[in-house]
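Residue 277 is where the sequence shown ends in the working numbering, and the numbering goes up by one at each step.
Yeah, the Cβ is synthetic: ideal placement off N, Cα and C, and Gly gets one too.
Predicted model, so just to flag it, every value in this text is computed and none were measured.
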Amino acid sequence: MSEPFKLFRLQQVDSQIDQTKSRLTEIENTLKDETELSLAQRNFEETEKKLVTAQKGLKRSEDEVEAVQIKIELNQSNLYGGKVTNPKELQDLQQEAAAHKRYLTTLEDKLLEKMVALEDAESGYEASQTRLEDTQKLIAERNKALTIEQANLLKDLERLIGERQAAIPSIPSDDLELYEKLRAKRAGVAVAKVKDKTCTACGAVLPHALAQASRSPNKISRCETCGRILYSR
Ligand SMILES: [Zn+2]
């Protein structure tokens, strides 16, 4: 195995390790993120509050109607019960009856509004409940899939770290030091493949002699533009 090839292989393993780690972080963040769920939860709680308010509003309206109806019954029994005979009193009772009836009509209109409001609140509540349940289900399914992926990635990572450890001893320490420095400086990519006399990492066209040198099995050549170690098959 040529020296540049050993480093190229190490680079491949390290890039896979980087990708695996970055995906693992992404998964962890997604698993932790509860924005969507708490949004649906909050929405549900709000519609629940509106429903309770609408139920109370309707109950109050019903009570008001009932109270007036009781007053009307009392008025009617006074009016027609025969106990009141005084014409002035009877006239007062008749006027009272008319006032009660007018008030009852107003209250019944209000009651109808409250009934419609309750229906609206009920359908809003049901819709948000369904939305919450759907969200919970979707998130549970997604998290299940992510947990499986996470377990597989952890296995991959373990294997890759093993491969890395196996590759290290055969690489000269100077080369390895250069490699690590370049990895730190060049976004994790220390080794660049040469294709058509071009550094595939930075796109620079290599001088003919350098392109030739990059084929050497024993010597390490570096791109003059980005400084990366060149590997050419
Ligand atoms: Zn380059």
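- Inter-residue distance for T149 and A111 is about 13 Å (C-alpha atoms, whole angstroms).
- R277 sits in coil when the DSSP states are folded into three classes, being neither helix nor strand.
- Scanning its chain for C-beta atoms nearer than 8 Å, with the 5 sequence neighbours on each side dropped, one finds around T242 the residues A248, V249 and L250, in chain order.
- Taking a 10 Å sphere around the C-beta of R277, we find fewer than 16 other C-beta atoms and assign the residue as exposed.
- By the Cβ criterion, the segment 62-76 is in contact with the segment 182-196, since at least three pairs of Cβ atoms, one from each stretch, lie closer than 8 Å.
- For K65, the uninterrupted alpha helix (DSSP H) segment begins and ends at E47 to K76.
- Relative to the Cα of L182, the nearest Cα in the group F52, L68 and E80 belongs to E80.
- Distance from the CA of T174 to the CA of D164, rounded to the nearest whole angstrom, comes to 15 Å.
- When the Cα atoms are used, N196 and A210 turn out to be separated by approximately 21 Å.
- In this structure, R272 has its CB closer than 7 Å to one or more heavy atoms of ligand 1.
- DSSP places V128 in no alpha helix (DSSP H); its state is neither H nor E.
- The segment 143-160 makes contact with the segment 106-123, as at least three CB pairs between them are under 8 Å.
- In the DSSP assignment, the residues bridged to V235 are I273.
- The criterion of a C-beta distance shorter than 8 Å is not satisfied by R259 and L226.
- A residue is called buried when at least 16 other Cβ atoms come within 10 angstroms of its Cβ; R266 meets this threshold and is buried.
- The Cβ neighbour count for L162, taken over all protein chains shown within 10 Å, is at least 16; the residue is labelled buried.
- Distances from the CB of A236 to the heavy atoms of ligand 1 include at least one below 7 Å.
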